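*Asks:* The opening residue of the sequence shown carries number 18 in this note's numbering; numbering runs sequentially from there.
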Amino acid sequence: MNKIKFSPVDIEERKKLDFKAGDTINVSSKILDEKGPAKDGASKYRLQAFEGIVLARKHGKEAGATFTVRKVASGVGVERIFPLYSPMIGKIEITKRSRARRSKLYYIRTKAVKDVRGKMRSVTNQEEGETEVVEKAE
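Structure representation (structure tokens):
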């Protein structure tokens with residue numbers, strides 16, 4: 018029997034993503050291209066990457082779940098709040114796992130980058146000794 022697809026987002030893939038505050042993730046969001054529509058009349062989109070530290074996750078895995086990502090670009094801190102199940106997110110990659118002792122890392126806004134690195138502990142895989150774990154969801 019065929020399943021009816023209610024959403025353009027693969028909800029089960031997004032639910033499986035297990036990132037927490039402190040992890041470094043790369044979010045590719047779809048941006049409407051300003052150059053005009055494609056030849057067939059549809060709008061053109063391109064993927065724009067936003068890589069940073071997850072400050073907070075809100076509302077768990079329910080429909081209105083969001084997460085906040087912060088990065089420093091040219092000496093200026095930039096934060097974006099992404100809805101977890103938004104169709105405007107192309108993919109989410111976890112580039113580095115870290116262990117933080119808080120669930121919300123809002124204190125990072127006032128700290129220097131050097132101080133933040135000392136607070137976060139890199140999570141290692143005990144058997145293989147690898148520090149990077151990459152998960153993707155599209």
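Where is the CB? At the ideal position from N, CA and C, for every residue including glycine.
Source: prediction; values computed, not measured.
So, helix, strand or coil for E51, using DSSP?
*Replies:* coil
*Asks:* Nearest by alpha-carbon distance to G92: which of K128, I48, I42, E51 is it?
*Replies:* K128
*Asks:* A38 by DSSP, collapsed to three states: which one?
*Replies:* coil
*Asks:* Is it buried or exposed, V95, if we count other Cβ atoms within 10 angstroms and call 16 or more buried?
*Replies:* exposed
*Asks:* For T148 and F36, I'd like the C-alpha separation in whole angstroms.
*Replies:* Confidence in T148 is poor, its pLDDT being 46 and thus under 50, which makes the residue's placement too unreliable to answer from.
*Asks:* Among residues of its own chain, excluding the 5 on either side of K75, which ones have a beta-carbon nearer than 6 Å to its beta-carbon?
*Replies:* T83
*Asks:* What's the gap between the Cα of T85 and the Cα of L72?
*Replies:* About 5 Å.
*Asks:* State the DSSP-derived secondary structure class of K33, mapped to helix, strand or coil.
*Replies:* helix
*Asks:* Pick helix, strand or coil for R87, following the three-state DSSP scheme.
*Replies:* Strand at R87.
*Asks:* Which parts of the segment 68-117 are runs of the beta strand (DSSP E), unbroken and 3 residues or longer, counting only runs that do not cross its ends?
*Replies:* The segment 68-117 is shown to contain whole beta strand (DSSP E) runs of 3 or more residues at 83-90, 93-100, 106-113, in chain order.
*Asks:* Please identify the residue among S46, V26, E29, P25 whose C-alpha is closest to the C-alpha of R97.
*Replies:* Residue S46 is the option with its Cα nearest to R97.
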